Amino acid sequence: MPEQKTYDVAVIGAGVFGAWTAYCLRQSGATVALLDAYGPANARASSGGESRIIRMGYGADEIYTRWSLQALPLWKQLFAQAVRPELFQPTGVLWIAHENYQYALDTVATLTNLNVPFEKLSLAELRHRYPQIAFEDDAWGILEPESGALMARRAVQALVEQSQKIGVDFHAAQAVAPANHGHLDAVKTSTGETISAGAFVFAGGPWLSKIFPDVLADRLFITRQEIFFFGIPAGSSQFLPRALPTWLYLRDEFYGMPDLESRGFKVADDHHGPIVDPDTQPRMASVQAIAAARNFITKRFPTLKHAPIVESRVCQYENTSNGDFLIDRHPDFDNLWLVGGGSGHGFKHGPSIGEYVAALVLQHGASRTLKIEPRFSLAAKQSTQNRAVH
Ligand SMILES: Cc1cc2nc3c(=O)[nH]c(=O)nc-3n(C[C@H](O)[C@H](O)[C@H](O)COP(=O)(O)OP(=O)(O)OC[C@H]3O[C@@H](n4cnc5c(N)ncnc54)[C@H](O)[C@@H]3O)c2cc1C
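Laid out in structure tokens, this is it:
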């Protein structure tokens with residue numbers, strides 16, 4: 006019998022958080038196993054969607070602006086290595102705010118402080134540039150010209166391919182929740198395999214609370230989110246990326262994207278939906294969500310009032326109480342890390358999360374200089390929801 010390999014680190018979950026963590030760990034010289042029960046960025050995963058916004062604006066939450074700024078060049082570097090530059094679509098990101106809306110004013114201040122390029126647009130400028138949007142009379146805008154969209158599922162799959170090229174071992178396997186406490190030597194898989202490692206990173210996204218119900222069942226809120234792609238009018242250029250950026254309509258809490266790769270005009274409701282189970286929730290669009298999306302486009306994109314839905318997706322946010330990520334050690338283990346809580350905004354930060362988690366996991370002994378960011382700690386996670394980070 007060949008001797009069983011012991012990895013430096015086993016990462017459970019090949020969504021955007023786990024895949025970037027595995028990649029960064031390997032780049033730092035660690036030997037790494039990456040496990041996923043359903044495959045990288047699978048149809049049930051939160052990272053499995055077609056596209057995700059990458060923007061720098063985060064209101065007064067400078068920490069996320071900094072992480073986003075750090076992440077974009079790393080995404081582009083990955084796509085260059087993979088020879089897949091199209092996985093970042095430089096559409097620009099347009100925030101549509103209303104008068105005295107504090108979050109948008111804070112965004113302007115943070116972008117200014119951190120020298121992030123942006124344009125502040127008056128109502129007249131908005132109406133002139135984007136005649137396809139029906140703005141209200143108190144609207145104004147912030148345009149981030151260098152931000153855009155990441156082609157999410159394919160980006161994660163490209164990342165896992167690149168990780169394998171540099172030596173990460175990918176296992177199509179479901180890890181079983183560890184039974185003991187203290188120090189973990191190995192995880193078992195549902196088919197009886199054993200994966201041994203010095204440290205374990207559980208990056209199970211919306212599954213984290215199913216794996217560790219004692220610690221997380223009342224600290225993660227897994228909500229159903231529905232996304233629609235509306236067919237644009239034949240021959241129209243108004244909804245193509247060159248005419249329309251990725252956008253966020255703050256008053257209505259809807260966001261979307263132009264007709265990327267001719268898949269349709271994307272519309273998503275950012276309000277949290279009902280609590281669901283990521284294994285079993287039905288993935289067919291609901292009548293209520295279709296009506297809400299149709300109502301929104303009728304009001305804000307009236308040309309598309311009767312546009313057909315050409316595709317839909319049902320996904321889930323894995324929300325923490327306030328929207329801050331969860332990056333901390335499991336309280337019952339000295340070598341098991343919990344990484345998740347993307348809360349509907351985590352995708353873009355994958356590279357920053359990967360670098361941060363790799364550094365945390367690989368530091369040893371008394372020289373541990375990198376501390377867990379208090380906002381990401383388990384202790385900061387409450388059992389009632391009060392969304393503050395978007
Ligand atoms: C509809 C929607 C829109 C969003 N829009 C944006 C956006 O525009 N911009 C943005 O930045 N973010 C956005 N987000 C948030 C972002 O997509 C998520 O925060 C991010 O994808 C979470 O990644 P993850 O790796 O934590 O989880 P997942 O992608 O869910 O990955 C977890 C993985 O773990 C695996 N797994 C679970 N349990 C086990 C086990 N026991 N053994 C092995 N494998 C296991 C699963 O199969 C899965 O692949 C959006 C999310 C949704 C749902």
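The sequence shown: position 235 = 240 (my numbering), numbered continuously. The beta carbon of each residue, even a glycine, is placed where N, CA and C say it ideally should be. Note that this is a predicted model, so its numbers are computed, not measured.
Measure from the alpha carbon of residue i to the alpha carbon of each residue in the options, then state which is nearest.
i    : options                : result
A50  : A129, P122, V21, R71   : V21
A290 : E166, G269, R229       : R229
V272 : R288, S326, N300, D284 : N300
G215 : L83, D284, K304        : The displayed chain sequence assigns Lys, not Gly, to residue 215. The shortest C-alpha separation from K215 is found at D284.
Q162 : E67, Q243, A27, D142   : A27
F140 : I332, G351, P307       : P307
S152 : A129, L74, V113        : L74
A24  : G236, A204, Q167       : Q167
T199 : Y12, G355, N391        : Y12
G18  : A191, P211, N118       : P211
A184 : A178, T194, A177       : T194
G347 : T117, R57, R373, A109  : R57
L99  : I147, F330, R268       : I147
F338 : D143, F205, I295, K310 : F205
K53  : H277, E231, L131, S242 : Looking at the sequence provided, one finds Gly at residue 53 rather than Lys. The shortest C-alpha separation from G53 is found at E231.
H369 : T389, N340, G355       : N340
P150 : P246, F259, T374       : P246
Q179 : Q286, A15, L128, D282  : A15
L40  : A202, F330, Y69        : A202
F226 : N47, R392, E258        : R392
F381 : F234, W342, I302       : W342
E130 : D143, H186, I68        : D143
H186 : F217, R134, A177, G209 : F217
So the alpha helix (DSSP H) residue i belongs to, where does it begin and stop?
i    : result
T70  : 67-86
T199 : Run containing T199: none in the alpha helix (DSSP H); it sits in the beta strand (DSSP E), 199-207.
V21  : 21-32
Y361 : 355-367
E130 : 128-134
D219 : 218-221
Looking at the unbroken beta strand (DSSP E) that takes in residue i, where does it start and where does it end?
i    : result
F301 : Careful: F301 lies outside any beta strand (DSSP E), inside the alpha helix (DSSP H) at 292-305.
Y260 : 259-262
Y108 : That residue, Y108, is in no beta strand (DSSP E); its alpha helix (DSSP H) goes 107-118.
V272 : 270-274
R57  : 57-59
V16  : 11-17
A144 : 144-149
V394 : Note, V394: premise wrong, no beta strand (DSSP E); not H, not E.
L193 : Position check: residue 193 holds Lys in this sequence, whereas Leu was assumed. Taken as a continuous stretch (DSSP letters only), the beta strand (DSSP E) holding K193 covers 191-193.
W212 : That residue, W212, is in no beta strand (DSSP E); it is neither H nor E in DSSP.
L253 : 251-254
Pull up the DSSP beta-bridge partners for residue i, would you.
i    : result
Q321 : R229
Q387 : Answer by DSSP bridge pairing: none, since Q387 is not bridged.
D41  : A177
Q94  : A154
A50  : Looking at the DSSP assignment, A50 forms no beta bridge with any residue, so it has no partner.
D333 : L343
F234 : K271, E316
G187 : F338
K125 : I147
A160 : In DSSP, A160 forms no bridge with anything.
A102 : W145
I280 : T228
Contact check, residue i vs residue j under 8 Å by CB: the rounded distance?
i    : j    : result
I101 : L255 : 6 Å
K376 : S326 : 21 Å between Cβ atoms; not a contact.
G328 : V394 : 3 Å
F175 : V344 : Actually they are not in contact, since the Cβ atoms of F175 and V344 sit about 18 Å apart, beyond 8 Å.
I318 : E91  : The sequence as given places Arg at residue 318; Ile does not occur at that position. Actually they do not touch by this definition, with Cβ atoms about 20 Å apart.
L367 : D333 : That belief does not hold up - the Cβ atoms of L367 and D333 are roughly 16 Å apart, past 8 Å.
Within 10 Å of its beta-carbon, does residue i have 16 or more other beta-carbons around it, so buried, or fewer, so exposed?
i    : result
P279 : exposed
G197 : exposed
I358 : buried
P313 : exposed
P45  : buried
L164 : buried
A222 : exposed
E124 : exposed
N324 : buried
P356 : buried
R373 : exposed
I171 : exposed
Q1   : Past the edges of the chain, shown from 6 to 395, lies residue 1, and the structure says nothing about it.
L83  : buried
A239 : exposed
L119 : exposed
G349 : buried
Does residue i have its Cβ less than 8 Å from a Cβ in chain B?
i   : result
S51 : Protein chains in the displayed structure number just one, and chain B is not present.
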